[in-house]
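What follows is a set of notes on a single structure, which appears directly below.
In our numbering, the protein residues as written are 510 to 719.
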C-alpha cells in the first residue's frame, strides 16, 4: 500500500477509530505484544482484528512488522533491524529459558489443572534452578523475584487467581502463559536444555577461576 492509499483509508476512519488507531500503535510499540486475554488489551486486540492490514501497512513504513499468532491470540511487532529486542541480564535470561522449558514440559504432559494454563509453585521454580546450578538457590532468591515481576509485566506469567508475586511464599502458584511461546518459539525447545547446560558449564568455569 502506498502512502497515498494509506492516507485515503485512514481519512475514512471515524474519529473514534483514528483515536483507537493511535492508541493501538502506542501500546504495540511500548509493550511489544497485545494479548486477547489481558483485560487491558481486549479493546486494542478487537481493533487490530478489524484494522490489521491498515496498522500493518503503517508500521511497515517505519521498519516494523505486525505479526498475528492466532493460536494464542497475540499480536506482536518485530523490527527488521532488531530494534524491538529487549536486553536481559544473564540471570534473567536463565529464568526465562527455565520457565519456557517448564511450560513446554507441562503442556506435553497435559496435566489436570484448575487454571487455564500450566502452573508451578515458586518454590518448584527455585528447585528446578538448583538442579541446573547446585548450591545457588539461596543466593538467587531475589533474582527469581525480580525475574517473575518483570515477566508478569511483560505478560509472560501471572499469579494463579490474581494478585502480586511473592516469592517468599514457596507454595504460591504462578501461571505460565502462552505468550511464552511467542518470546521463545517451540522450534527452539530442544535447544533450551542445552543452552541452560551451557550456562551451567560457563558458571562452573567462572567459579573455578576465582
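Heads up, the beta-carbon is just placed ideally off N, CA and C, and yes, glycines get one too.
Given this structure, state the Cα-to-Cα distance separating residue 707 from residue 524, to the nearest angstrom.
Computed Cα separation, rounded: 53 Å.
Answer with buried or exposed for residue 693, where buried requires no fewer than 16 other C-beta atoms within 10 angstroms of its C-beta.
Label assigned to residue 693: buried.
Could you give the residue range of the alpha helix (DSSP H) that holds residue 522?
Premise fails: residue 522 is in no alpha helix (DSSP H) and is neither H nor E.
Using DSSP with H/G/I as helix, E/B as strand and the rest coil, what is residue 543?
Three-state DSSP puts residue 543 in a strand.
Between which two residues does the beta strand (DSSP E) containing residue 574 stretch?
Residue 574 -> beta strand (DSSP E) spans 573-578.
In terms of residue numbering, what span does the alpha helix (DSSP H) encompassing residue 636 cover?
631-641
Taking residue 590 as the reference, which of 536, 703 and 569 has the closest Cα?
569
Would DSSP call residue 558 helix, strand or coil?
Looking at residue 558 - three-state DSSP - the assignment turns out to be helix.
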